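Student: The structure that follows is given in the form of C-alpha cells.
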Amino acid sequence: MKPDLQLQRDVAEELRWDPSINEKEIAIAVKDGVVTLRGTVRSYTDKFAAELAAERVNGVRAVAEELTVQLPGEHVRDDTDIAHAVVNALNWDVQVPKNAVTATVEKGLVTLRGDVDWQYQKEAASAAVRHLVGVKGVSNFIRLAPVLSTFDVKTKIESALKRSAEVEADRITVETADGKVTLKGSVRSSSERRDAERAAWQAPGVREVDDRLVITA
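Just so we're on the same page, this note's numbering is the position in the sequence shown counted from 1, plus 200.
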C-alpha cells in the first residue's frame, strides 16, 4: 500500500487536474488508505466530482466525503422553483421511465423515490437533477424490480466482468440470491471496485449489491 502522505499528495494532484473542481477550498486527510474530504464547494456537481476524483486515485481504499455545498447568491432558489425544475428534468430525460419517479425537495436537498426495472434508469434519475441550479444534494431511494432468475443474473455479471478492460475478473467471485449480489475477492483500486459494482448493477433484476471487495496493492 502507498504511504498515507503519498496518497494525500496524489489525491491533491488529481483534484488539481480536474478543471471543474476548485481544490483550494478542499482539505484532504488520509489515514490507513481512507481519504476524508472537508471544506466548501459551490455546487452539488462540484461535490460529486471531488468524490469521484478521489476514488480514481490508485491505492485509495475508501472516501469519506464531508464537503458542504455553499451556493453563490445567484444560484440560490426556493424549494418550489427547484421542484419544478426537477420534474421537468425527469420528464425530459429519455432514460427515466415516465411517471415512475417522484421527487421531494427540502432546503435544496432532493429525494427521489419510485420503482424502475434497471439500475441505469435509477442512476439516470440522479444524473438528471444533479446539475440543476440550487440543488445541494440528491438522495436516491428508487427501487428496482426483479425480473431474472438467480442463475441468469450471476452469469450475466460474470460475463460483464470478463469483458471489462479495467477489472481483473479472475480475482472476483459473484454470489446471487433473491435479487441481491455479493461481490468477493480483491481489486487494485477504488476505481476498479466501482467498475465491478457497476457491472453488477447493470444486470437486470439486481436490487442490492453487497460489495465485499478488498483493495490490494
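Beta carbons are placed, not taken as given, at the ideal position from N, Cα and C, and that holds for glycine.
Since this is a predicted model, take the numbers as computed values, not measurements.
Let me check understanding here. Comparing Cα to Cα, which of Asp411, Gln402, Pro297 lies closest to glutamate 375?
Tutor: Comparing Cα-Cα distances from glutamate 375 to each of Asp411, Gln402, Pro297, the minimum goes to Asp411.
Student: Answer yes or no: do glycine 418 and leucine 413 have a C-beta to C-beta separation smaller than 7 Å?
Tutor: Lying outside 201 to 417, the shown extent of the chain, residue 418 is not represented and no answer is given.
Student: Whose C-alpha, out of Arg394, Glu223, Glu255, is nearest the C-alpha of glycine 233?
Tutor: Of the listed residues, the one whose Cα sits closest to glycine 233 is Glu255.
Student: DSSP has serine 339 in a bridge; who is on the other side?
Tutor: DSSP lists Thr311 as partners of serine 339.
Student: Should aspartate 218 and alanine 264 be called a contact, given that it needs their Cβ atoms to be closer than 7 Å?
Tutor: No, these two residues do not count as a Cβ contact at 7 Å.
Student: Tell me whether arginine 277 sits in a helix, a strand or coil according to DSSP, three-state version.
Tutor: Reduced to three states, the DSSP call for arginine 277 is coil.
Student: What are the boundary residues of the alpha helix (DSSP H) that serine 364 is part of?
Tutor: Where serine 364 is concerned, there is no enclosing alpha helix (DSSP H), given that its DSSP letter is neither H nor E.
Student: Quick check for students: name the residue ranges of the alpha helix (DSSP H) that lie wholly in the stretch 216-279, counting only runs of 4 or more.
Tutor: For the stretch 216-279, whole alpha helix (DSSP H) runs of length 4 or above, ordered along the chain, are 244-256.
Student: With distances taken Cα to Cα, identify the nearest neighbour of arginine 388 among Arg371, Gly379, Asp378, Ala400.
Tutor: Among Arg371, Gly379, Asp378, Ala400, the Cα nearest to that of arginine 388 belongs to Arg371.
Student: Return the CA-CA distance between serine 391 and alanine 289, expressed in angstroms with no decimal places.
Tutor: If I take the Cα positions, the gap works out to 28 Å.
Student: Identify which residue in Ala327, Glu306, Leu361, Glu266 has its Cα closest to the Cα of arginine 398.
Tutor: Looking at the Cα atoms, Leu361 is the closest of the given residues.
Student: Figure out for me which residue from Asp278, Asn299, Asn258, Ser220 has the closest Cα to the Cα of isoleucine 415.
Tutor: Among Asp278, Asn299, Asn258, Ser220, the Cα nearest to that of isoleucine 415 is on Asn258.
Student: Helix or strand or just coil, what does DSSP make of alanine 283?
Tutor: Here alanine 283 sits in helix by DSSP.
Student: Taking only three categories from DSSP, how would you classify valine 329?
Tutor: Correct three-state label for valine 329: helix.
Student: For the beta strand (DSSP E) that contains arginine 412, what are its first and last residues?
Tutor: Where arginine 412 is concerned, the enclosing beta strand (DSSP E) stretches over 408-415.
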